[in-house]
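Numbers in my numbering are just positions in the sequence shown, counted from 1, shifted up by 3.
Positions of the beta carbon are idealized from the N, C-alpha and C atoms, including for glycine.
Read through the structure below, which is laid out as structure tokens, and then see the notes.
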Amino acid sequence: MDDNFTHMVRTQHLAAIHAACLVLVLIAHRRFTNRNSINVPTRDSMLHRQEVREEMLHDLLTSGKCRQLICMSENAFKILCQKLQSEGGLRPTQRMTIEEQVARFLHIVGEIDGTHVRVRVQIKDAPIYHGRKGYPTISVLAACTFDLKFTYVLSGWEVTASDSRIIKDALTLEDKLIILDGKFYLVDGGLPHRSTLIAPYRGVRYHLKEYSNRAPQNP
4 MDDNFTHMVR TQHLAAIHAA CLVLVLIAHR RFTNRNSINV PTRDSMLHRQ EVREEMLHDL
64 LTSGKCRQLI CMSENAFKIL CQKLQSEGGL RPTQRMTIEE QVARFLHIVG EIDGTHVRVR
124 VQIKDAPIYH GRKGYPTISV LAACTFDLKF TYVLSGWEVT ASDSRIIKDA LTLEDKLIIL
184 DGKFYLVDGG LPHRSTLIAP YRGVRYHLKE YSNRAPQNP
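Set out below in structure tokens:
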């Protein structure tokens with residue numbers, strides 16, 4: 004009787020393991036398929052991107068819309084691109100020409116960053132507000148222009164919330180952070196790089212304090 008019961012339990016365990024393996028294989032297959040379908044651009048998408056690039060460069064260099072788009076004359080824009088190339092070491096990439104890189108930077112309207120503000124909370128809630136500071140804080144996300152004017156502030160998130168979760172909330176709230184089409188904000192490495200947010204290159208020093216006793220790595 005014991006042997007039969009043991010055999011039955013073992014059979015059930017094996018069946019459960021087999022079912023779990025089938026589920027994992029199915030999930031892995033779907034993720035692999037979706038990843039490949041997303042990462043591989045189609046011919047139509049590549050042609051569309053090329054048309055967009057050509058239209059933008061035409062608007063900047065020959066259509067007379069340069070001043071309207073980036074508050075700069077066509078001649079000044081060309082001179083700026085030449086100086087950044089000859090004196091600043093700017094180089095074209097496989098995806099962007101020098102003109103595209105400069106135009107993209109000139110469409111940056113400000114910066115977004117977060118900070119921690121000390122708060123007093125109930126003892127039972129204290130753990131989720133404790134971070135590296137050693138005392139309870141909340142995360143405050145702020146956007147400001149280059150002339151130091153705040154344009155958006157979001158506060159109240161506990162310190163354990165990730166930066167990506169906070170910025171996602173800021174962009175989806177009813178009273179959300181609005182970023183106009185074709186404009187961008189600079190963000191630090193803790194925030195995601197997306198169509199309206201420009202994050203720094205991974206693995207490259209960019210804080211001023213990192214240059215105290217080391218030279219820059221590249222232009």
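Option nearest residue i by Cα separation, candidates the options
i    : options             : result
V124 : L64, R107 and T140  : T140
V207 : L200, S198 and G192 : G192
F149 : P130, L109 and L180 : L109
Residue burial classification, residue i (beta-carbon count within 10 angstroms, cutoff 16)
i    : result
N39  : Below a pLDDT of 50, predicted positions are generally treated as unreliable, and N39, at 49, falls in that range; no measurement from the model is reported.
L176 : exposed
A1   : Within the shown structure, residues of the chain are numbered from 4 to 222, placing residue 1 beyond reach of any answer.
V162 : buried
S2   : One cannot answer for residue 2 here, as it falls past the ends of the chain, which runs 4 to 222.
G113 : buried
A146 : buried
A173 : buried
I131 : exposed
Nearest-angstrom Cα separation, counted from residue j out to residue i
i    : j    : result
L157 : G185 : 23 Å
T199 : I182 : 7 Å
G159 : E77  : 45 Å
R107 : Q53  : 16 Å
F187 : N216 : 32 Å
R56  : S66  : 14 Å
D128 : I115 : 28 Å
C69  : H196 : 26 Å
Q104 : A164 : 33 Å
I201 : C84  : 20 Å
G137 : H61  : 54 Å
L50  : T100 : 17 Å
D178 : K171 : 13 Å
Q88  : H133 : 47 Å
Cutoff 6 Å; reference residue i; Cβ partners in own chain excluding five residues on either side
i    : result
R82  : As written in the sequence, residue 82 is Ile, which differs from the Arg given in the question. Closer than 6 Å at the Cβ level, and outside the excluded window around I82, lies no residue.
S167 : P195
Close Cβ partners of residue i (< 8 Å) along its chain, the five nearest in sequence each way excluded
i    : result
R205 : G192
L64  : E77, F80, K81 and E102
Contact with chain D by residue i, beta-carbon distance below 7 Å
i    : result
R135 : Among the chains in the structure shown there is no chain D, since it carries only a single protein chain.
Legend entry - Stretch pair the stretch 118 to 133 + the stretch 91 to 99: three plus CB contacts closer than 8 Å: no
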